[in-house]
Structure formats: structure tokens, C-alpha cells
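To start, the structure itself, in C-alpha cells.
There are 2 protein chains.
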Amino acid sequence: METNTSQSFTGKNKITMKNIGIPKGTRDFAPEEALKRHYIFSTLRSVFEQHGFLPLETPAMENLSVLLGKYGEEGDKLLFRILNSGDFLAGVPEEAKQESQSLLPYLAEKGLRYDLTVPLARFVAMHAHELVFPFRRYQIQPVWRADRPQKGRYREFYQCDIDVIGTKSLLEEVNILQIINDVFERLGIAVTIKINHRKILAGIAEYFKIEDRFYSFTVIIDKLDKIGMENVIAELQKNEFPTELIDFYKHFSTEKPTIENLARYFENNYTIRQAVSELKFILDHAKELNLMYQPVFDYTLARGLNYYTGAIFEVVAQNVQMGSICGGGRYDDLTGIFGLPGYSGVGISFGADRIYDVMETLQLFPSNLVKGGDIIILQFEDSDLLSLFRIAQMLRKNNFKVMIYPEAHKIKKQLSYADKLHFTYAIMQGSDELKNNQLAIKNLITGKQITIPVNELHFLTTNDLNAYFETS
Amino acid sequence: METNTSQSFTGKNKITMKNIGIPKGTRDFAPEEALKRHYIFSTLRSVFEQHGFLPLETPAMENLSVLLGKYGEEGDKLLFRILNSGDFLAGVPEEAKQESQSLLPYLAEKGLRYDLTVPLARFVAMHAHELVFPFRRYQIQPVWRADRPQKGRYREFYQCDIDVIGTKSLLEEVNILQIINDVFERLGIAVTIKINHRKILAGIAEYFKIEDRFYSFTVIIDKLDKIGMENVIAELQKNEFPTELIDFYKHFSTEKPTIENLARYFENNYTIRQAVSELKFILDHAKELNLMYQPVFDYTLARGLNYYTGAIFEVVAQNVQMGSICGGGRYDDLTGIFGLPGYSGVGISFGADRIYDVMETLQLFPSNLVKGGDIIILQFEDSDLLSLFRIAQMLRKNNFKVMIYPEAHKIKKQLSYADKLHFTYAIMQGSDELKNNQLAIKNLITGKQITIPVNELHFLTTNDLNAYFETS
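Chains as they are written, first to last, in the numbering used here: chain A, 1 to 472; chain B, 1001 to 1472.
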């Protein structure tokens, strides 16, 4: 409708089926997958809205000035850049044309969104004067990364984020735990919620005087679940971290410490005391709220991103190895980089693609989710189309999903179509039924068939329909 | 959660609020707009699913080999191209580096989706052997065009398409009219649905022997509503179309012909007779179905895209000038270009952005759509947070949208927040109420306040809550 172009589909540039495809790392979602994905998105959306979060949507493209430098050097390389339109070489100095790296800045000034966090920070910084704080937003949109595609890693995937910006209240951390709990309870995924505090890690670094190597320290610690304590200790040694630090990890190598253990071990460290007190508030409230999934303290949880400053969360599924399916934490200065300092916030991101894989592996999707509709109306050579349309109209008014098979094919063919698309009922009205103002309904699962007056459709509900088949 | 990058938000590349922004022609959708847009999308989705359409999603990026040549030369220029990753200049011959046009093919092999029709054709051609035909899919996704931005025209906008592929049955045309009717009836937009048939235009061209200039002919005719019959005739003359053709348009210059008029005028033309018979079937059924919005035959409706071969539709709002808000038609060979000939289909596209503008202009959005939630729980210095959390939990179980204000700010400040976010009720529980296991609920619209036992929340519905305030 927005198109007003000419000469379309004229056969120029004709290519055959053999050489069509989609870019690597991207996916088509056929109806079955799309319905299941929508089920995840709408569950998330519903829980988010129940907690007073409101939707935000940002453009797929951002200016590169907004994106560059926010994800590290590696991240800059993974940005998809949009080639400038028109004569993009105009005015480019000859020497810049000799090398990709030198030409790059001239070719593109826009890139595809890499995550939803930087666009959020950019949005809040741009609109701080109009927004009402604390600003609670959710955002469910795709992001793009020019990563090497591999199992479970795509170049286009969805992030589902919630963030509260403009309050330091720990109530929001408790709230986040409630949301994580509610989402996975509704989806039927048994999860383990890990929790830690960046100040635990910062305090350890302070205590052992390795603040200047904090980042590489957290990278090693973060690997614990993957490579085991022995290898973590080996890496710490290889990287010449102090013996005292290594002794500390050896001390807890067989059993992870509780927060009380840590509080005792580092009793004079203010940073750790602070973290412990915050974590206790959060954990105590979660306990009293009887959440089905209680957070478990894990002193090795680090989370990659350096902007976290408070509590951090990570969620894994209990019954399948799929890595983290949700994670986040508190940050003290997300919007500072865009010139708006002093806004503390807390947020988490649900990974829809991995959640999908978990649900598919554990067969957690509702069985009636994937279907072409509730009722298919079959067509005979002598069908009165108008009557079929009216039947469909009545049923749709009562919220049934209904289609009329568009041609008077052999009934076997129509039923096979209904079967492949998982319709529950088929309606048939031949000339006899039409004369008597009746129709036949066949339950496609049980094979049972009944005949009812057309008039009864006016107030027919799903329950009525089920009842017909139970009592007949 | 998918991020594992380093050195983020470190303050390098710090830019100030002054130079942040978004690419021209793109938009942020703040919560109020996002909620309203979601209302449109979910209405469309719901009507589509009621008619047995299933969702399809395709990647934002397509290979340029799929996109190029499908939208005419002009369209090719409007494609956003994705710069190849890595060393994109490697192996590019020196002479190609001298001009944008010659360098272009080396720089990009992917582009952003320009519409949803070509990706559909590509998907169907790729998966024809697995799909069940007739294939009924809907697709609601953004598309991108490097068009000059102007009022109502964006570089990123949503298309909402439905198509049925693999049947020639006219039943689907009637169905499409029912869907258009249902969508706009639900949204509350009074519309005019125009209908024509490409074979009316083809027949006219045949009759006056201008088949070789068919495209430029339709382009002029299509302008009628914009420039008036006088100017159309002038343009036809300027372009030296035959006098007989011009006489024909003069003949109907004061009143548009009915299909019966045309049938009589061209009574020996087989093509027009065929079109008239199909249109009669469609219009008669629409009439008998008592659709609120009846299609109106308009012999000048042409629709831009050349791939239409049968009935064509276009919808405009009655009470505001906004151009076409929905349009489509039947095509005989959409997938042929991808090596899969012989699949007839019919489809329409709803323009969500224009529908939004119409609804905003005519104030058709439900008044209770935009709100932070139903209930806000206020916080006092002496509040028992656990009790507030439990109250929120109970209310959410009963489907209320609830947030707890995260800090014990002055009540005036909290109420102002509630007001700005359009909450309907505020709950307060000071130490007195807590002692008596009670809470106070204030209706923020009327200002009325009542006190109820906490236990009553367990089974509280919206109706109960409203009733409390009516009877108290």
C-alpha cells in the first residue's frame, strides 16, 4: 500500500529456486514457530504490564556515534553498518580508498541496534525532561550482531528487556525477582536464579589489592561454571594474581560460601559489608514472599558488562543445559555517557531465543497452540456459499477462529488440509442440511459427528460445542 | 544476557546530550504511542487469526539478489544496504574504487527488507514442498526505505499484510472484504472501500489498442482522485492517447460508471466481461453479508504495482484526508520470479502508521488505553514493605496491573506520579491499617477513599472494586 513503484515482478533478474536463500545467521519463522514465539512474547509482555512496565520501541538503526565505543572494540567490529545512500564516495580522499579501515568512516553513519540498553540510555538522555521518573519500560525488539553464527547464536535475535531508571530503591531488585519468578512459573520452566553483587567482587579486589586488574579478574571468575574451580585457580596463577587471592578461592573450592561466610571472611571490608547488607534485604524479602524460585547466592557470578554496580542476576533452566536464559542487574550511571549523569537503574533481559529452545526441548508449549484455527467449513459442489459465509460470521462473533475451505475439492483432500493445520472441528452443510436450516459438525479428533440447527450458532461457545460432543 | 563484551560505558567516546539523536525518518515510540500502536497491531492480529491466518516472520535482512530488480530502478535506489563485514575492500579492482556506482556491488550483499511481499514470495518458493496450500499467512513487521522523509512518510515503518496463496477462488476476495470490514469496525474508523479489477483496465487498453502503453496509462488514470478528470484528460491528450479513449473518459466525466454501464459500453470485450462477472460475484456476496462498509466500484482505481491481475482494493478513511490506509488485490504469479510459477494469490496490506494517524486525528483510541497500570501502592516511612509486596502479589493474581512506588517520598509527590501515569487507584497502608490488617484505597479520578480488610483482596475483581466505590 505504501508502494507506488513500477515495473515490478517483470521477470528481469529472474533467479531460480536453487540460488535463493536468506543471509547466514538469520531465520524465517514459519507459522508454527511464530505462534510459539508469540506465546513467549505475550507472556513476557503480560507479566511486564502487570508490574507497571510500559512499552518503548526504538528504531532498528541508530547513528553510529551513539553505538560506537559502547560495546568494546570487539563490539564495534560486530556492528552491522548501513551503507550511506547516494554517491557515498563523493569527497572521499583518494588515500582513504586504499584500505577498508580508512574508508569505513566515510561509508556508513548508521548501524543496526546491537542491544536494547544503549538505545534506552540514548532515549532517556534525549527525553529526560519529559519523562516521569522512575521510568519503567519494557522493550521487546530484535537486535543484530555480525557474530560468527553457530548453534544457538544468531545474527538477528530478540531481546526482551525491562528497566527501572531513576531510583536506587532495593524494592526494585525484589520486584525483579518476583517478575523472573512469575515469567518462568507461567511458562512452566523450572529455573535456578543466581544472584551476586558487584561490590562483593569489588570488595574482594580491594581486599587483595587487585583493583587495577578488576576486569580481567572478573572474566576469569565468571568462567567457574564452565571450567571448574581447578582451572579458575590455574588461570589466576598463570595471570600472576596474588597468592592470598588464590588461597581465598582454594578455601571455598569444595563448597561455595554463603553471604554470612563472606561477611565473616572479609569482616573489616566496608564494600563487602555493604553488598552483604543489600543482598540480605533482597534475599529475605524473596524468601518471605514464598517465590516458587528462590534466588541462590553465587559469589562467582560476574556478568560480562562492566556497567553493573549493584546486585546482579542470572537465570538458567534446571532441566536442560542451555546457558543463561535471563540476566541483568543494577547500574549506577547508564545515561552518563550521553551527558545525563546520576540516574541509577536496574534491569534484566530475557533471551527469547534460548527460552524457545528450552521450551521446545522440554516440550513445554501448550498443545493447542499450533493450529490453523478452531473450525474449518468444508465446501461441496452444491454448497450455498452465502450460507457458509453467514455461518463463519456467526462463529467469529462468538470468538471462534474459522476459515472456509476456498474450493469444492474432494472432501478427503479438504479433511487432510484440516488435519495438517490441526483444526478441531469441521462444519459441513450440503443441500439437504441447507434445506432444513441445519449443519453437521465433525470433531476431527474423535471423529464424532452431530447435526444441529443453524440458529444455535448465534450463542455457541467453546464450552457448548464441547458439551454437544460429550452428551451426543 | 547475550552480551559478554568488555570495557562498556567506560566514558571513552563520551558525547553530550546536544549531539545525540536518531537517524532522520526514524522514530522512537514512547510508551503512550507504543501502547496505541500495539492496540492497532493486536486488533489486526486478532481479526487475522479469527479468519484462519497464521503468522510468518522473515529476517530484517535479505540477500540483495532477492531484493534487487523487484521494485523497479527507483526501488533499487531506495534499498538500505548492509556494508559487508571485515575487509570489504579485499580483492576489489582498483578501477572499481573510483566511483560509487562501480564500487557498490562489492560493498554490500545484504539489504533491509523493503516490503513484506517479496520476502513472502521468497519464503513460499523456498518452502513450497513443506507448506500446506492454500497457505494463509499474516505478517506484521517493519520495512525500510531510503526515501526522502516527509510528513507521513518514514524510513522505517510497519506493514501488516495478509495473503492467501495457492487458490483462485473468489471466495477469498469476499473474505478479504469481510476482514477489511471487521478491522475497521473494531477500530471504529469509518471507511470507504474502493474496488476495481485489473481486467477492467486491461480491457479498456485492449479495446482502444493501447496495450503497449498500459503502464503509463494506469499511472495517469490512478491520479484521478488527486488531480480531477479534467487534468487526467489533459494528461492523456498530452501523451497522445487515442481520441476514442479520451472520449470514453469524457463520456463518464460527470458521473463514474457502474459495472453495468461498463458492461454495456464494452459489451463485446471478453476481458471486461470476465472482470464484470468476477466483480458482480464479489459485490453481490458483500451485499448479502450486510457488511457495514460495502465496497464501492471505482473504474479508475489502478494500484501502483504491476503484479496485480484480478480484483484490486483500496481503503480510505471517510472523515479525514489521509490517503490510502489499506490496499491490495489478486495476483496470478507472485512466486514465479523465484522459480515457482502458477501460484495465484490474493492479499492486502494495512498501513499501521496511517491508521495510527487517522485514529489520533479522530480521537478513536479507547480512553483507558494509556496508563502506567490500574493500581499504585504508595509507600510511607513506616510502611511494612513485605506487606506491600503481598498486597501487590494478591492483586496481580486477580489480573490488576500494579506497581509499588519504590521510595517513601512525600505523598504529594507519589500522587503526582500516579496522576501523570494515569493510575486509577492508589492503595495506602500506614502502621494503623497494618495493625488492623486493613488498607485504604483511593479512587484517583473521583478522590473518594475507602478502607477494606486486606483479606478481601484475595478475590477482588475490577467489578468489585468499582462496586465498592459506587456503594460507599
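Glycine included, every Cβ here is placed at the ideal spot set by N, Cα and C. For clarity, every value in this text was computed on a predicted model and none was experimentally measured.
DSSP state of residue i mapped onto helix, strand, coil
i       : result
A:L44   : helix
A:Y110  : Residue 110 of chain A is actually Lys in this sequence, not Tyr. The answer is strand: DSSP assigns A:K110 an E or B state.
B:T1082 : The sequence given here has Ile at residue 1082 of chain B, not Thr. B:I1082: strand per DSSP, three-state reduction.
A:S344  : coil
A:M229  : helix
B:H1197 : strand
B:R1455 : Looking at the sequence provided, one finds Asn at residue 1455 of chain B rather than Arg. Helix.
A:K24   : coil
A:K371  : coil
A:S387  : helix
B:T1172 : The displayed chain sequence assigns Glu, not Thr, to residue 1172 of chain B. Three-state DSSP puts B:E1172 in a helix.
B:S1431 : helix
B:G1351 : strand
A:L364  : coil
B:N1399 : coil
A:S102  : helix
B:E1062 : strand
B:Q1318 : coil
A:D182  : helix
A:A392  : helix
A:T258  : coil
Where residue i meets chain A, residues with beta-carbon distance less than 7 Å
i       : result
B:T1026 : P59 and M61
B:I1193 : Per Cβ cutoff of 7 Å: no residues; B:I1193 is ~13 Å from chain A at best.
B:V1276 : Ordered by position in chain A, no residue passes the 7 Å Cβ test against B:V1276, which lies about 19 Å from the chain.
B:E1205 : As written in the sequence, residue 1205 of chain B is Ala, which differs from the Glu given in the question. None at all; the shortest Cβ gap to chain A is about 16 Å.
From the options, residue whose alpha carbon lies closest to that of residue i
i       : options                               : result
A:A311  : A:P93, A:T300 and A:E235              : A:T300
A:K413  : A:Q379, A:K401, A:Q438 and A:N437     : A:Q379
B:L1120 : B:Q1178, B:I1176, B:A1060 and B:S1102 : B:A1060
B:D1182 : B:Y1293, B:K1209 and B:G1075          : B:Y1293
A:G21   : B:D1087, B:I1193, B:R1155 and B:V1124 : B:V1124
B:L1460 : B:K1410, B:L1395 and B:K1420          : B:L1395
B:K1036 : B:F1469, B:S1416, B:E1407 and B:L1364 : B:L1364
A:E172  : B:Q1141, B:Q1393, B:Y1158 and B:P1406 : B:P1406
A:Y215  : A:A302, A:E260 and A:V132             : A:A302
B:F1029 : A:E33, A:D284, A:H127 and A:Q50       : A:H127
B:R1145 : B:I1233, B:D1076 and B:A1418          : B:D1076
A:D284  : A:T43, A:I411, A:I259 and A:L415      : A:I259
is_contact[residue i, chain E] using C-beta, thresh 8 Å
i     : result
A:G52 : Given the protein chain composition of this structure (A and B), no chain E is represented.
Residue i and residue j closer than 8 Å at C-beta
i       : j       : result
B:I1195 : B:F1313 : yes
A:K442  : A:A426  : yes
A:S277  : B:L1089 : no
B:F1281 : B:L1170 : yes
A:A286  : A:V174  : yes
B:V1315 : B:I1180 : yes
A:G329  : A:Y343  : no
B:G1345 : A:M403  : no
A:L245  : A:I272  : no
B:V1358 : B:V1320 : yes
A:I376  : A:F423  : yes
B:R1113 : B:V1143 : yes
A:Y154  : A:R27   : yes
A:P55   : B:A1034 : yes
A:Q393  : B:L1289 : yes
B:A1108 : B:S1102 : no
Neighbouring residues, chain B, relative to residue i (Cβ below 8 Å)
i      : result
A:F266 : Chain B residues near A:F266: none, gap ~26 Å exceeds 8 Å.
A:T167 : P1406 and E1407
A:I82  : F1080, R1081, I1082, L1083 and L1112
Partners in chain B for residue i, counting only beta-carbon separations shorter than 7 Å
i     : result
A:D87 : S1100
Residue i: contacting residues in chain A (beta-carbon distance under 9 Å)
i       : result
B:M1229 : What B:M1229 touches in chain A: nothing, since even the nearest Cβ is about 21 Å away.
Neighbouring residues, chain A, relative to residue i (Cβ below 8 Å)
i       : result
B:Q1393 : Q178 and L289
How do the stretch 325-343 of chain A and the stretch 221-230 of chain A stand: do at least 3 beta-carbon pairs fall below 8 Å, yes or no? no
Counting pairs of beta carbons, one from the stretch 447-455 of chain A and one from the stretch 1073-1082 of chain B, are three or more of them closer than 8 Å? no
Does the stretch 129-137 of chain A come close enough to the stretch 153-169 of chain A that 3 or more CB-CB pairs lie under 8 Å? yes
Does the contact criterion of 3 or more C-beta pairs under 8 Å hold for the stretch 1366-1383 of chain B versus the stretch 1425-1439 of chain B? yes
Do the stretch 142-156 of chain A and the stretch 364-372 of chain A meet, that is, are 3 or more Cβ pairs less than 8 Å apart? no
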